[in-house]
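Peer 1: Read in the UniProt record's numbering, the sequence shown has 103 at position 103, and its numbers run on one by one without any break.
Pasting a structure here, questions to come.
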Amino acid sequence: SSQPATKTRLFSTLDPELMLNPENLPRASTLAMTKEYSFLRTSVPRGPKVGSLGLPAHPREKKTSKSSKIRSLADYRTEDSNAGNSGGNVPAPDSTKGSLKQNRSSAASVVSEISLSPDTDDRLENTSLAGDSVSEVDGNDSDSSSYSSASTRGTYGILSKTVGTQDTPYMVNGQEIPADTLGQFPSIKDVLQAAAAEHQDQGQEVNGEVRSRRDSICSSVSLESSAAETQEEMLQVLKEKMRLEGQLEALSLEASQALKEKAELQAQLAALSTKLQAQVECSHSSQQRQDSLSSEVDTLKQSCWDLERAMTDLQNMLEAKNASLASSNNDLQVAEEQYQRLMAKVEDMQRSMLSKDNTVHDLRQQMTALQSQLQQVQLERTTLTSKLKASQAEISSLQSVRQWYQQQLALAQEARVRLQGEMAHIQVGQMTQAGLLEHLKLENVSLSQQLTETQHRSMKEKGRIAAQLQGIEADMLDQEAAFMQIQEAKTMVEEDLQRRLEEFEGERERLQRMADSAASLEQQLEQVKLTLLQRDQQLEALQQEHLDLMKQLTLTQEALQSREQSLDALQTHYDELQARLGELQGEAASREDTICLLQNEKIILEAALQAAKSGKEELDRGARRLEEGTEETSETLEKLREELAIKSGQVEHLQQETAALKKQMQKIKEQFLQQKVMVEAYRRDATSKDQLISELKATRKRLDSELKELRQELMQVHGEKRTAEAELSRLHREVAQVRQHMADLEGHLQSAQKERDEMETHLQSLQFDKEQMVAVTEANEALKKQIEELQQEARKAITEQKQKMRRLGSDLTSAQKEMKTKHKAYENAVGILSRRLQEALAAKEAADAELGQLRAQGGSSDSSLALHERIQALEAELQAVSHSKTLLEKELQEVIALTSQELEESREKVLELEDEVQAVLQRKEEEDRQMKHLVQALQASLEKEKEKVNSLKEQVAAAKVEAGHNRRHFKAASLELSEVKKELQAKEHLVQKLQAEADDLQIREGKHSQEIAQFQAELAEARAQLQLLQKQLDEQLSKQPVGNQEMENLKWEVDQKEREIQSLKQQLDLTEQQGRKELEGLQQLLQNVKSELEMAQEDLSMTQKDKFMLQAKVSELKNNMKTLLQQNQQLKLDLRRGAAKT
């Protein structure tokens, strides 16, 4: 029960650091384990789960002693009384209460030097039940390295027995162990009591443990190399050894927990003691800084008081200077203004008199010239009025003659136009009726056939498209789980839909074109019918008009010109008809009806020609006479127009001149009145000049006295200027001193800021750990949100696809409806066209009957040649119409071919869409698989991150413990900041006082400027008065030669006074500029002081914010410390309970 002199420590696999980091355990060779110990993996009893304690690793201090370490339970073997090794052997197990310390070696090192004797085998087999039960409860194989190391190391003791070296002592880790003592170990109570005693005496040890671990690993490696040959013989011993190790691990769990908690408490106590010492040192340094700052603040206060005194002195000086400057400025301005007024008035009076005399002479000359011009204008006006009357009478007679001619021309032109229009309508109608009817019949037949074919094709294709779309909708509704590449499928489907819509729109446009063409054909048919009706009516009207014209030609000679034009037109038409009849002779048999009509027209036209030829000669004569008369009248009219234009221009010119003369007369009258007023004013000015002379003499005396006063004030100003310069130099020195003090204060502030920054870095290191925890939690939440968002997006995409497929179905149904409506419209158009064709056939039959009648009438006529020409012309028109018909038929065939091609293309596109839909479905299934894999990977990463979060939480707890020593630093910094605040507040009060004084100075300067402005205004008035007086004096001097000399003397004196005033002004300006510069310098200094105070205030605000932040953090750390203390107390209670149980 006596403890050894040298401190020993145990080395066990129950070390919490090894449990948290099992990779540090020594490993056996993988080949040996796989070959020889593979059958042990299922039946070997297991120890406790690695990391099941969940305790954080804590740092340990170094231990220099190597020989005093206990690396396994072999160190606690029984020892003879005579064996006294210097390596620190432990007493017998019956009385062992040796010190046992928590260690970090592997689990196999505990049993590395055990040689299994038959006595110990029985004991360990009895105790193996507990280990088996523990291993069954904890059933995992997380620490396979312990078994491999144990299996290789345990062979050493057994080999020693088999070889026959039992009597020789063993060297294990630098210690000699006799063969008799192998296998004798202390009880677990003795081990726990030794560990508790050692923990009370010793500190933390780190490096020694690492070295012991290295020694144990080296010893295990050496043993492994020596025992590789005899592994087969030692399998049974290894099984028993593995059971014993599991039991030992189960029994030593409680001991390792207690040791670990004690070590943590001791580490916390040591950390708190170091923190207390650091805070005490910080408090001493902060007190020294406070003393230095207080001394600097006192010096700054003294400098501020000196500055305030200097400012008051400067203000007094400035007030005196401003008063003297204002008085001198007023006097100078008054004198200058009076003089300038007098001179300006004299010059203005002279100029105005000369200008007025000149204007009077000019006005008189203008009056005489205007009177003569008025007389001439009146004479010309009378002559022009007589000429205008005569010309107006001539113009009225000419206009009446012109109107009579115009009426006759209009009547003739109307008759000619009617005849021409009627003939053209008749010819065109007869030529185009037959051709149009046949063409329309053929077109209607072809169109009806094409419509029926297109209807059948469109119905079949619509049925196919509807079936395909229904299949696509069913497939898309069944698929609801698309995640990643749904957007690509969307774009493909949308493009296909757009293509389909474009194709449908193209079909719509083509159908519309067909409908438009049908409508145009209908319009043409209607126009043909209208033209036929109009021509029938026109034929009847023409026959009546022909008779009327024949009567008018015989009765009236007044419409000679109109008849000539109509005859010329008829002749041209007759020639054209003859040419057409020559062309139509070959087709006379088929156009007999038209020939009859033409023969009737020919008879009528020949009768009209015979009547017209007789009157043509008379018309030629009358036309010649009329042309001669019209030429003469046109010449006379042109001459009259030119004369009228000239006279009208002259009249306008005269009117403008009379208006200008009136304006000039008004201006002359106004000037005359002004001259009268000016003459009266001159008379009044002459009376007042005598009074002004007397006033000038009085002002001269007053100016002399004022000049003397100004000179005296200038001397005073110079003296004040010198004193002000001396004061300014003194102020500059004081400002330099203040700046030095401010620079010192800034240095102290920088040092304080550096300390604050150091504190902030400590806090940031603590916050960084917290931020890592927060970031990991946020990352986990973000991953969860991303997974949810992906699921939502997939659902949305599925719903969107469903909606799109529904839209496709609705679009297809709408397209089918539109096709049906177009088909119906097309059928209606075909029906209308067929009806119109029937009507056209009926009209054609009527026309054929009329042609037969005309042929019967034309058989007896002699003009067969003209009719043949007419028939040929009609046949040519028929050929043109048939050619147009063929072109239209070709266009129809092309339209039909295009529609069929488009329908085939639409079918192919539908098939392509189906293929693409199937490809999209396959992609969707692949994406589902990929998403499942991704979800699994994300779950695995989440679990890993949770483990990381747990480890970070443990690190944060350790960081919180370390952050406790920052409290006193923060308190000291807060005290320093409060003192700096007080000093800055005092400085702010001083600056506010200085600002108030500067504001008072500015107010006084404003008042002085106002007074100066008033004085300048008075000077301006005085100058104006002087100018008036000078003008009056000039006028009197012209009258009185004696007064001239006096005025010259006065002017000379005034000039001298002005020069003196100007010199005084220059001096005053210089003094003002200097005063302004001084004021600006002071203002800049004040601004600098303000800016410095503002910077200090900002620093204070920042320090206050930092203080509040630090106080919050300190409160958090206090709470964490309280919780940690509570946890420690609970752990102590648990330890006491465990000790009581054992």
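Idealized CB from N, CA, C, for every residue including glycine.
Remember, predicted model here, so these are calculated numbers, not experimental data.
1) By how many angstroms is the C-alpha of S256 removed from the C-alpha of R1137?
2) If you draw a straight line from the C-alpha of L710 to the C-alpha of N316, how long is it?
3) When DSSP labels each residue in this structure, what does N330 get in the three-state scheme?
4) Quick check: Q1027 and M343, are their CB atoms within less than 7 Å of each other?
5) Within the continuous alpha helix (DSSP H) that includes E245, where are the two ends?
6) Let me know if V528 comes out buried or exposed under the rule of 16 or more other beta-carbons within 10 Å of its beta-carbon.
7) Does residue 1144 come out as helix, strand or coil in the three-state DSSP assignment?
8) From D744 to L1085, what distance separates their C-alpha atoms?
9) In whole angstroms, give me the CA-to-CA distance for L447 and G421.
10) According to DSSP, is N21 helix, strand or coil?
11) Taking the straight line between their C-alpha atoms, what separation do you get for Q656 and D362?
12) Evaluate contact between the segment 362 to 377 and the segment 1088 to 1105, counting only Cβ atoms and requiring at least three cross-stretch pairs below 8 Å.
13) By Cβ distance below 7 Å, which residues in the same chain neighbour N1128 in space, the five residues on each side in sequence not counted?
14) Which residue wins for smallest C-alpha separation from E1021, given the options A323, Q333, L253, L975?
15) Does the Cβ of N950 have 16 or more other Cβ atoms within 10 Å, making it buried, or fewer, making it exposed?
16) Determine whether the beta carbon atoms of M311 and E997 lie at a separation below 7 Å.
17) Report the CB separation of A876 from E438 in whole angstroms; it is logged as a contact under 8 Å.
18) Is the distance from the Cβ of A569 to the Cβ of R416 below 7 Å?
19) Is it buried or exposed for E1098, if we count other Cβ within 10 angstroms and need 16 for buried?
20) Suppose contacts are defined by Cβ-Cβ distances below 7 Å. Is K345 in contact with K1031 by that definition?
21) Out of curiosity, what's the CA-to-CA distance linking L398 and Q650?
22) Using only CA atoms, which one of K260, L259, N21, L325 lies nearest to Q1073?
23) Return the Cβ separation of R907 and E509 in integer angstroms, given the expectation that the two are a contact with Cβ distance under 8 Å.
24) Should D190 go down as buried or exposed, given a rule of 16 or more other Cβ atoms within 10 Å for buried?
25) Apply the 10 Å Cβ neighbour rule to S520 and answer buried if 16 or more other Cβ atoms are within range, or exposed otherwise.
26) Look at the Cβ atom of N329, then the Cβ atom of I1012, and state whether they are nearer than 7 Å.
27) Any idea if A1096 is buried or exposed, counting beta-carbon neighbours within 10 angstroms, 16 or more meaning buried?
28) Quick one: Cα of K909 to Cα of E526, how far?
29) Do S303 and Q740 have their C-beta atoms closer together than 7 Å?
30) From Q1130, A1139, L1068, K824, pick the residue whose C-alpha is nearest to that of H456; which is it?
Peer 2: Put simply:
1) 15 Å
2) 21 Å
3) helix
4) yes
5) 235 to 251
6) buried
7) The structure shown does not extend to residue 1144, since the chain is modelled only from 1 through 1142, so no value can be given for it.
8) 18 Å
9) 36 Å
10) coil
11) 22 Å
12) no
13) L265
14) Q333
15) exposed
16) yes
17) About 16 Å; that fails the 8 Å criterion.
18) yes
19) exposed
20) yes
21) 25 Å
22) L325
23) Actually they are not in contact, since the Cβ atoms of R907 and E509 sit about 20 Å apart, beyond 8 Å.
24) buried
25) exposed
26) yes
27) buried
28) 43 Å
29) no
30) K824
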